[in-house]
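Remarks on the structure that follows.
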Amino acid sequence: MNTVADKKPRLTTSAMIASIASEGQRVQAAPFGKALVAYAAEHPEVVGMTADLAKYTDLHLFAQAYPERFFQMGMAEQLLMGAAGGMAKTGLVPFATTYAVFGTRRAYDFIHQVIAEENLNVKICCALPGLTTGYGPSHQATEDLAMMRAIPGLTVVDPCDALDIEQAVPQIAAHQGPVYMRLLRGNVPLVLDEYNYKFELGKAKMLREGSDVLVISSGFMTMRTLEVAKQLEADNVKVAVLHCPTIKPLDEATILAEVRKPGRLVVVAENHSVVGGLGEAVASLLLREGAAPAKFRMLALPDAFLDAGALPTLHDRYGISAEKMSKRIKGWLSQ
Amino acid sequence: MTSQDTLSQIARCAWRIRRYAVRMGEVQGQGYVGQALGYADVLAVAYGHAMNFKPEDPEWEGRDRFLLSHGHYAIAHYAAMIEAGIIPESELETYGSDDSRLPMSGMATYTPGMEISGGSLGQGLPIAVGIALGLRHQKNPAFVYNSMSDGELDEGSVWEAAMSAAHHGLGNLICMVDINNQQADGPSTKVLGFEPLADKWASFGWHVQRVDGNHLPAVLRAFDTARNLTDAKPRVILCDTLMGKGVPFLEAREKNHFIRVDPPEWQQALAILDETAPEGAQA
Chain X
813 MNTVADKKPR LTTSAMIASI ASEGQRVQAA PFGKALVAYA AEHPEVVGMT ADLAKYTDLH
873 LFAQAYPERF FQMGMAEQLL MGAAGGMAKT GLVPFATTYA VFGTRRAYDF IHQVIAEENL
933 NVKICCALPG LTTGYGPSHQ ATEDLAMMRA IPGLTVVDPC DALDIEQAVP QIAAHQGPVY
993 MRLLRGNVPL VLDEYNYKFE LGKAKMLREG SDVLVISSGF MTMRTLEVAK QLEADNVKVA
1053 VLHCPTIKPL DEATILAEVR KPGRLVVVAE NHSVVGGLGE AVASLLLREG AAPAKFRMLA
1113 LPDAFLDAGA LPTLHDRYGI SAEKMSKRIK GWLSQ
Chain Z
5 MTSQDTLSQI ARCAWRIRRY AVRMGEVQGQ GYVGQALGYA DVLAVAYGHA MNFKPEDPEW
65 EGRDRFLLSH GHYAIAHYAA MIEAGIIPES ELETYGSDDS RLPMSGMATY TPGMEISGGS
125 LGQGLPIAVG IALGLRHQKN PAFVYNSMSD GELDEGSVWE AAMSAAHHGL GNLICMVDIN
185 NQQADGPSTK VLGFEPLADK WASFGWHVQR VDGNHLPAVL RAFDTARNLT DAKPRVILCD
245 TLMGKGVPFL EAREKNHFIR VDPPEWQQAL AILDETAPEG AQA
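From first to last, the protein sequence lines stand for chains X and Z. In terms of the numbering used here, the numbers along the first sequence are unbroken and rise by one, the last being 1147. In terms of the numbering used here, the numbers along the second sequence are unbroken and rise by one, the last being 287.
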């Protein structure tokens, strides 16, 4: 019975493929699709394959540009990965796209056995990484990095923005071996062009210096961390940001060198479960190398099946909104 | 060569495949020898008649691809590749041993001529679809042969691939299903019924033949038909086979996924094969 009217309007779940860009943020449309079309112009060996999600992974641009090099595999992810492996065995370089949940969870054994075990040249590019949809666990790929990291020889990439994606495409294509890349699609925020930054496969890059906090981050959490760093500056908290888009192989030297600079709270921020992602990769590196900092925290999604709802609500609920991140970092500093 | 000559030649080929498989089983003291004996006739037609390949160059681009999806049939496939001259006969002694190129389950990274790492059942046909698409895209006229077991029909990925192969009109894809009605937990038809199997494949858009997989003339005709069709549709050859075929005491043994063979029986099996050798056959 509706006895009390809600004072505060409830946010509604946005479209599944809504952009993660905040209002007024600079964006670029379909950076993955455009970069792939450009690269493929000079590389006839590149083919595109999808499991009924070309439009939703920006692969439709490739399909329009090169219809004879585009292969629709239907809503069948095991087939997609198996056939991509087969294509690669004939010398082609397939880019296989779907949503991250389906690509990783449903087709895991096909990536493991068909693609990775033979080190085949398949580039798996998957949209809706982590908490970028409000459709609930069926579509939220909160453990994809953990699963992909565990596969020997698989390169794993979690890009931040349109620039990262645009520059990553030719590099993962040229890389000899299988790659899993998380994909932001549609109108993708553009942030890193302000930081004199270039994507380099396998490298972590310092985006800003700071003496109080070192945040090591990947994916869209890097752009959020940059926003938080600006906010905290007003409170005289100096935050350094190390962007680590290649999750595997990890740029251990850069991470160790930064963590070993004394006196900083070290935070790993990622759009992924606390289990098995960048945070645990960094934690195990630091312990192994005797480089554990005085304070180490993980800013990630909980080990739980997440709620459905509007993304701003959910990011706030799980502590990865800029506001919540600021509060948490300040809290950790004062502990 | 007359048809009778062809048949005689393939019969000798199948006989040698059976002998090589039994010898490998003896080396290891175990193995899927029941499957190897049952499937030897199909392999003899594939490697001894139907397929294009260069034994000295297993990576030759123009080769027909043979995908062993049921990786545990490696003992049979190695035997066929020894017969085909791809693997030296002397290597048979290493089967299943440490550091051998002939592991118990077939793996592409170990063995020349082994196109895929099978064994995670239901993966061969999806891979075959990709290879067939890739070859056609590059105007390579080679055929792709996917070899699988009836137990694999349980895997949904097989039917994803079956739909896709028909959708893409893959006339360069031939699938062989070994129907010996035996999988890990018992008779395949009891574990998960697959009949009417020919109707299933036909309704998925495939050209279907069902043959007695131990009747060489029938197998030979089926392969010729599959290769010579001009329809742009994938072809499947459903091969009903008898596990242990050619060695009566193994044919009669209680049917099991992994047939028990006692140590003296390997030599007894070889002796029986030798007694029943086709005319002109030499070990």
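Beta carbons: idealized from backbone N, C-alpha and C, even for Gly.
6 Å CB neighbourhood of M152 of chain Z in its chain, flanking five on each side removed: S73, H74, G128, V181
Selection of the region 226–242 of chain Z by Cβ proximity to chain X, strictly under 7 Å: none
Per-residue contacts from S207 of chain Z into chain X (C-beta, under 7 Å): Result: empty, since nearest Cβ-Cβ is about 17 Å, beyond 7 Å.
Contacting residues, own chain, Cβ-Cβ under 6 Å from R20 of chain Z (five flanking each side not counted): E87
Any C-beta of chain X under 8 Å from that of S362 of chain Z: Given that chain Z is displayed from residue 5 to residue 287, the structure contains no residue 362 of chain Z and the question cannot be resolved.
Buried or exposed (CB count within 10 angstroms, at least 16 for buried), S161 of chain Z: buried
Integer-rounded CB distance, given that I90 of chain Z should sit under 8 Å from G117 of chain Z: 4 Å
Cβ pair K1139 of chain X, D1128 of chain X closer than 8 Å: no
Beta-carbon separation (whole angstroms), I120 of chain Z vs L71 of chain Z, contact threshold 8 Å: 5 Å
Separation of L125 of chain Z from N185 of chain Z, as counted between CA atoms: 16 Å
Inside the region 180–211 of chain Z only - alpha helix (DSSP H) runs reaching at least 4 residues: 192–195, 201–207
Any C-beta of chain Z under 8 Å from that of D921 of chain X: yes
Range of the contiguous alpha helix (DSSP H) that encloses H1127 of chain X: 1123–1129
Pick from X:A928, X:G860, X:A833, X:V849 that is closest to G974 of chain X, judged by C-alpha positions: Reading off the sequence shown, one finds Ala at residue 974 of chain X, where the question assumed Gly. For A974 of chain X, the nearest C-alpha among the options comes from X:A833.
Inter-residue spacing [alpha-carbon to alpha-carbon] between M28 of chain Z and T98 of chain Z: 8 Å
CB contact below 8 Å: V133 of chain Z versus chain X: yes
Own chain residues within Cβ distance below 8 Å of A275 of chain Z, not counting five before or after: none
Rounded separation between T815 of chain X and P821 of chain X - CA only: Only weak support exists for where T815 of chain X lies, its pLDDT of 49 falling under 50; the value from the coordinates is given anyway. About 16 Å.
CB of V1071 of chain X within 8 Å of CB of V1078 of chain X, strictly: yes
Cα-Cα separation, S831 of chain X to S1030 of chain X: 18 Å
Environment of T760 of chain X [buried if 16+ CB atoms lie within 10 Å]: In the structure displayed, chain X extends from 813 to 1147; residue 760 of chain X sits before or after that span and is not available.
Cβ contact (3+ pairs, closer than 8 Å) linking the region 887–905 of chain X and the region 133–147 of chain Z: yes
For C17 of chain Z, the first and last residue of its enclosing alpha helix (DSSP H): 7–32
Where P772 of chain X falls: helix, strand or coil (DSSP): No answer is possible for residue 772 of chain X: the residues shown for chain X start at 813 and end at 1147.
Below-8 Å beta-carbon distance, Q127 of chain Z vs any chain X residue: yes
Same chain, Cβ closer than 7 Å to K259 of chain Z, five either side skipped, listed in chain order: Q186, M247
Sheet register partners of A939 of chain X (DSSP bridge): X:Y911, X:L995
Proximal residues to L1035 of chain X (C-beta, below 7 Å), its chain only, five neighbours per side dropped: Checking the sequence, you will find Met at residue 1035 of chain X rather than Leu. Same-chain partners within the cutoff: C972, D973, P1001, V1003.
Bridge-paired residues (DSSP) for K1139 of chain X: Per DSSP, none; premise fails for K1139 of chain X.
Any C-beta of chain Z under 8 Å from that of F1108 of chain X: no
Bridge partner(s) assigned by DSSP for C243 of chain Z: Z:D182, Z:V215
Alpha-carbon to alpha-carbon, G134 of chain Z and V856 of chain X: It is Pro, not Val, that sits at residue 856 of chain X in the sequence shown. Cα-Cα distance, rounded: 17 Å.
Spatial distance of T245 of chain Z from Q32 of chain Z (CA atoms): 24 Å
Spatial distance of G100 of chain Z from T229 of chain Z (CA atoms): 36 Å
Three-way DSSP call (helix, strand, coil) for Y878 of chain X in this model: coil
Cβ neighbour criterion (16 or more within 10 Å) applied to Q925 of chain X: buried
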